[in-house]
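Quick notes on the structure that follows.
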Amino acid sequence: MDDYNFHIETPRLFISRLHAGNDSHCDFLVDLYNTEQALARTRVGAPMPEREAARKTIESDDRIWTDGYGRYLVSLKPTTLSAEETKLPFSERSNAYTMIGVVSMKFRKSEGAPLAPDVGYGFLPAFQGKGYATEAAAALVKWFEDEKGQKEFFGFCDPTNEGSKGVLRRTGFEERGVKDVRGLKPDGDIVTAMVFSKGLTKELEKYGVN
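Counting in our numbering, the sequence shown runs from 876 upward without gaps.
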């Protein structure tokens, strides 16, 4: 059974599963992936044209129910929670929270893809520069370490995206240089990305990153 009460709590955020049946979640993805900034920096994903495309995107993250890999919703945690509110299941109260971004952990299966999962994130412009991406990424990495036993991670970003590079550094990732990485896109095209890693025990080449 799909558990929409699952959530990770941080000092300022809730990290939870996206619900394909929730139109507000679908509409939020459309808004997020069609900001001017997101469209300008699209390297791995693609624009989200409308609600049904977003719904299919959420539905395609089926591994999130078995091993946790997929895209998670990030919402602001209220500064105060009433006793009555805390008694409600998370899925019933979360619609009142402000959605600000997504954080993901993906173990890609495309041919030639890196042999360790990579963390990703995207936030609405109004909520950037406030440390939310770092807080969400660090929390998701820790959850995978503690709950799934995953100790090796990658992070990939546009070599010119200083904000994204800063998030990965603050999350404890090591900068490994600009590489041509295969398998980040479904079509198999090579993506030139700044590579970061955390917890790797072997050389990059052993993980399919040359």
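All C-beta atoms in this analysis are idealised placements derived from N, C-alpha and C, irrespective of residue type, glycine included.
These numbers come from a predicted model, not from an experiment.
Reduced DSSP category for residue i - H, G, I as helix; E, B as strand; rest coil
i	result
Leu948	strand
Thr1067	strand
Met876	Summary for Met876: the model assigns pLDDT 49, below 50, so the residue's position carries little reliability, and this model does not support an answer.
Tyr996	strand
Glu1078	coil
Phe982	coil
Phe1048	coil
Ala895	coil
Asp936	coil
Lys931	helix
Val1016	helix
Nearest-angstrom beta carbon gap, residue j and residue i [assumed within contact, 8 angstroms]
i	j	result
Met980	Phe903	About 19 angstroms; that fails the 8 angstroms criterion.
Arg1057	Gly987	4 angstroms
His900	Leu893	5 angstroms
Ser985	Pro1061	6 angstroms
Phe1028	Leu1059	Their Cβ separation, rounded to whole angstroms, is 14 angstroms, which puts Phe1028 and Leu1059 out of contact at 8 angstroms.
Leu888	Val949	6 angstroms
Tyr944	Phe982	5 angstroms
Asn880	Phe965	5 angstroms
Val1042	Tyr996	7 angstroms
Ile863	Trp1018	Summary: the structure shown does not reach residue 863, with the chain confined to residues 876 through 1085, and so no result is reported for it.
For residue i, the first and last residue of its enclosing alpha helix (DSSP H)
i	result
Gly1041	Glu1037 to Arg1045
Asp902	Asp898 to Tyr908
Phe965	Phe965 to Arg968
Ala958	Ala958 to Lys962
First and last residue of the uninterrupted beta strand (DSSP E) at residue i
i	result
Arg892	Leu888 to Arg892
Glu1020	Per DSSP, Glu1020 belongs to no beta strand (DSSP E) and is neither H nor E.
Ile883	His882 to Glu884
Gly1030	Phe1028 to Cys1032
Problem set entry | Segment contact, 8 angstroms Cβ cut-off, at least three pairs: the region 1004-1019 with the region 953-973 | They do not touch, by the three-pair rule.
For this session: Inspect the CB distances between the region 1030-1047 and the region 1060-1078 and report whether three or more fall short of 8 angstroms.
Result: Three or more Cβ pairs drawn from the region 1030-1047 and the region 1060-1078 lie within less than 8 angstroms of each other, which places the two stretches in contact.
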